[in-house]
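S.K.: Chains as they are written, first to last, in the numbering used here: chain A, 241 to 349; chain B, -14 to 97.
All residues carry an ideal CB built from backbone N, CA and C; glycine is no exception.
The structure follows.
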Amino acid sequence: GQNIDQPTEMTATEGAIVQINCTYQTSGFNGLFWYQQHAGEAPTFLSYNVLDGLEEKGRFSSFLSRSKGYSYLLLKELQMKDSASYLCAVRDEDYKLSFGAGTTVTVRA
Amino acid sequence: IAGITQAPTSQILAAGRRMTLRCTQDMRHNAMYWYRQDLGLGLRLIHYSNTAGTTGKGEVPDGYSVSRANTDDFPLTLASAVPSQTSVYFCASSDSTEGKQYFGPGTRLTVL
């Protein structure tokens, strides 16, 4: 099974940078995903890492260290619309995802 | 292209009643999934199907059943609903070669 931990809440100011950490203990690893979920809506895909290192996509970047069981999602130049929950998910060899409980990010003006 | 649709959007159900949540995708994805999302617990996998005609149990399968008669449809049935099944249910699909899952809009179910 998978044990996935991420902080419950984070608050940051508009224009700032926030880093959301995710640690995992897994019986099988086949990639790590980050999803964004606005209140009352479905999760939407943000990023995917299967190899160690940093993946950059616009204002969002995701990092993975498989040896440490660690990932982070970096949100730069925060905007009010970035207020949402961010879900870390680990994929196993059967392509099933196990999700963390999510980190609620609040962006303040 | 609609992607993934779910029905109903929301439902209030008496305990003991049978209920089927519908999920349809038009992306020809081979894999489909059902999750429930509860406050503080995140998304938990109920059942999944890697291809039409096959299904598997996820983390919390008890009280739920699924079928996958064709590629597009993946209904979730609660045979006899209980209050602990009050939750938001999300259906998702993926192309196994890509792996990224696409989620439907969700069904909010309340069992009284």
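1. Give the DSSP-derived three-state secondary structure of Asp245/A in the structure shown.
2. How many angstroms separate the CA atom of Phe285/A from the CA atom of Thr62/B?
3. List, in order along the chain, the chain A residues whose C-beta lies closer than 7 Å to that of Pro(-7)/B?
4. Exposed or buried, what is Asp322/A when buried is set at 16 or more other beta-carbons lying within 10 Å of its beta-carbon?
5. Leaving out five residues on either side along the sequence, give the residues of the same chain with a beta carbon under 6 Å from the beta carbon of His14/B.
6. Look at Thr40/B and Val51/B and say whether their C-beta atoms are less than 7 Å apart.
7. Counting only Cβ pairs nearer than 8 Å, list the residues of chain A close to Leu6/B.
8. Thr9/B: buried (16+ other C-beta within 10 angstroms of its C-beta) or exposed?
9. Which class does Met4/B belong to by DSSP, given the choice of helix, strand or coil?
10. Hey, how far is the Cα of Glu296/A from the Cα of Ser302/A?
11. Is the beta carbon of Pro247/A closer than 7 Å to that of Phe88/B?
12. May I ask you to report which of helix, strand or coil DSSP gives Gln70/B?
13. For a test of the three-state rule: what should DSSP assign to Met320/A, helix, strand or coil?
14. Count the other C-beta atoms from every protein chain shown that fall within 10 angstroms of the C-beta of Met17/B, then say buried if there are 16 or more, exposed otherwise.
15. Can you tell me which of the three DSSP states Gly57/B falls into?
16. Rounded to a whole number of angstroms, what is the C-alpha to C-alpha distance between Gly1/B and Asp292/A?
17. Looking at the unbroken beta strand (DSSP E) that takes in Asp23/B, where does it start and where does it end?
18. Can a CB atom of chain A be found closer than 7 Å to the CB of Val88/B?
M.R.: Per the coordinate set shown:
1. strand
2. 27 Å
3. Within 7 Å Cβ-Cβ: nothing; Pro(-7)/B doesn't reach chain A, min ~15 Å.
4. buried
5. Ser78, Ser79 and Asp80
6. yes
7. Near Leu6/B there are no residues of chain A at all, since even the closest Cβ is about 14 Å away, more than 8 Å.
8. buried
9. strand
10. 7 Å
11. no
12. helix
13. helix
14. buried
15. Going by the sequence as given, residue 57/B is Asp instead of Gly. Asp57/B falls in the coil class under three-state DSSP.
16. 49 Å
17. Ala16 to Asp23
18. In the sequence under discussion, the amino acid at residue 88/B is Phe, which differs from the Val named in the question. Yes, because at least one Cβ of chain A sits closer than 7 Å to the Cβ of Phe88/B.
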